[in-house]
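S.K.: In the working numbering, the protein residues as written are 48 to 229. Note that the Cβ used here is the ideal one computed from N, Cα and C, for glycine as well. Pasting in a structure now, in structure tokens, and then I'll have a few things to ask.
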Amino acid sequence: MASPVLTLLMSVFNLYLMIIVIRIWLQLVKADFYNPFSQFTVKATQPVVGPLRRIVPSIGPLDTATLVFAILVVYVKILTYALIAQGALPPLFTAFIFALFNLVNQVLWLIFIIVIIRAILSWVSQGGHPVEMVMSQLTEPLLRPIRKIMPEMGGLDLSVLVFLLGLQFIINLFGSAFGPFV
């Protein structure tokens, strides 16, 4: 049974990792960086990403400094978990492999969550809310290919449902293939 301290610590790592991944995602989709939500992600990650950018340059549209930071956060999370839960550090290379698989798993789940948030906001919001705008900018590149293939069904946009089913399949497949690592 996990201790409450360990659960809290892992939750903090996971929440901060989500912010880091969202920053990468915002840059990949060229989202509005003047949006308050975008500004929050930049301000929450800039103290580490700024100096890291001097060492790790971007590769095309990919902000590799932020990606390296995300990998480091997951790596430290894995090492912290092992140290607290098992009282010993795993081999560092093994922890690094665990970290990479864990990062991919976290990214897939974050995409799932953001798409659901966007779907809910589209039902209840009047539009124009800064968070809704960013969620739309993040998810539209993922949903657009499905919308091109699927016709609208009486005003219902089923692309979100199709996307989430496909993503759930990928998450389950990933979990089945790499279960002990994620």
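Using the C-alpha atoms, what's the distance from Phe-221 back to Leu-130?
M.R.: Walking along the sequence shown from the start, residue 130 turns up at place 83. Walking along the sequence shown from the start, residue 221 turns up at place 174. Between Leu-130 and Phe-221, the C-alpha separation is close to 26 Å.
S.K.: Report buried or exposed for Tyr-81, applying the criterion of at least 16 other Cβ atoms within 10 angstroms of its Cβ.
M.R.: Counted from its first residue, the sequence shown places residue 81 at position 34. Flag for Tyr-81 reads exposed.
S.K.: Can you name, in chain order, every residue of its own chain whose Cβ lies under 8 Å from the Cβ of Val-89, other than the five neighbours on each side?
M.R.: For this step, residue 89 is matched to residue 42 along the sequence shown. The answer, listed in chain order, is Arg-70 and Phe-80.
S.K.: Measure how close the beta-carbons of Arg-194 and Ser-183 come, nearest whole angstrom, since I'm counting them as under 8 Å.
M.R.: Position 147 of the sequence shown, counted from the start, is the residue given in the question as residue 194. Position 136 of the sequence shown, counted from the start, is the residue given in the question as residue 183. Rounded, the Cβ-Cβ distance is 13 Å, inconsistent with contact.
S.K.: Looking at the strands, I want to know which residues DSSP matches up with Leu-203.
M.R.: Here residue 203 corresponds to residue number 156 of the sequence shown, with the count starting at 1. Answer by DSSP bridge pairing, in chain order: Met-200.
S.K.: Comparing C-alpha positions only, which one of Gln-173, Ala-166 and Leu-75 sits nearest to Leu-203?
M.R.: Mapped onto the sequence shown, residue 203 falls at position 156. Ranking Gln-173, Ala-166 and Leu-75 by Cα distance to Leu-203 puts Ala-166 first.
S.K.: Buried or exposed: where does Met-200 fall if 16 or more other Cβ atoms within 10 Å of its Cβ makes it buried?
M.R.: Taking the sequence shown and counting its residues from 1, one reaches residue 200 at position 153. By the neighbour-count rule (16 or more Cβ atoms within 10 Å), Met-200 is not buried but exposed.
S.K.: Between the segment 89 to 101 and the segment 185 to 194, do three or more beta carbon pairs fall short of 8 Å?
M.R.: At 8 Å Cβ cutoff, the stretches do not touch.
S.K.: Where does Leu-109 sit, in a helix, a strand or coil, going by DSSP?
M.R.: As a first step, residue 109 must be located in the sequence shown, where it is residue number 62. DSSP places Leu-109 in strand when its eight states are reduced to three.
S.K.: Just how far apart, CA to CA, sit Gly-175 and Val-76?
M.R.: Stepping through the sequence shown from its first residue, residue 175 is reached at position 128. Stepping through the sequence shown from its first residue, residue 76 is reached at position 29. Computed Cα separation, rounded: 19 Å.
S.K.: With Met-65 and Leu-157 assumed to form a contact (beta carbons below 8 Å), what rounded beta-carbon distance in angstroms separates them?
M.R.: Stepping through the sequence shown from its first residue, residue 65 is reached at position 18. Stepping through the sequence shown from its first residue, residue 157 is reached at position 110. Contact holds; Cβ gap of about 6 Å.
S.K.: What residues in its chain sit with their C-beta under 7 Å from that of Ala-146, if we drop five residues either side in the sequence?
M.R.: Position 99 of the sequence shown holds residue 146. Correct list, in chain order: Ile-118, Val-121, Tyr-122 and Ile-125.
S.K.: Entirely within the segment 128 to 199 and at least 4 residues each: give me those alpha helix (DSSP H) ranges in chain order.
M.R.: Those alpha helix (DSSP H) runs which fall completely within the segment 128 to 199 and span 4+ residues are 139 to 171 and 177 to 196.
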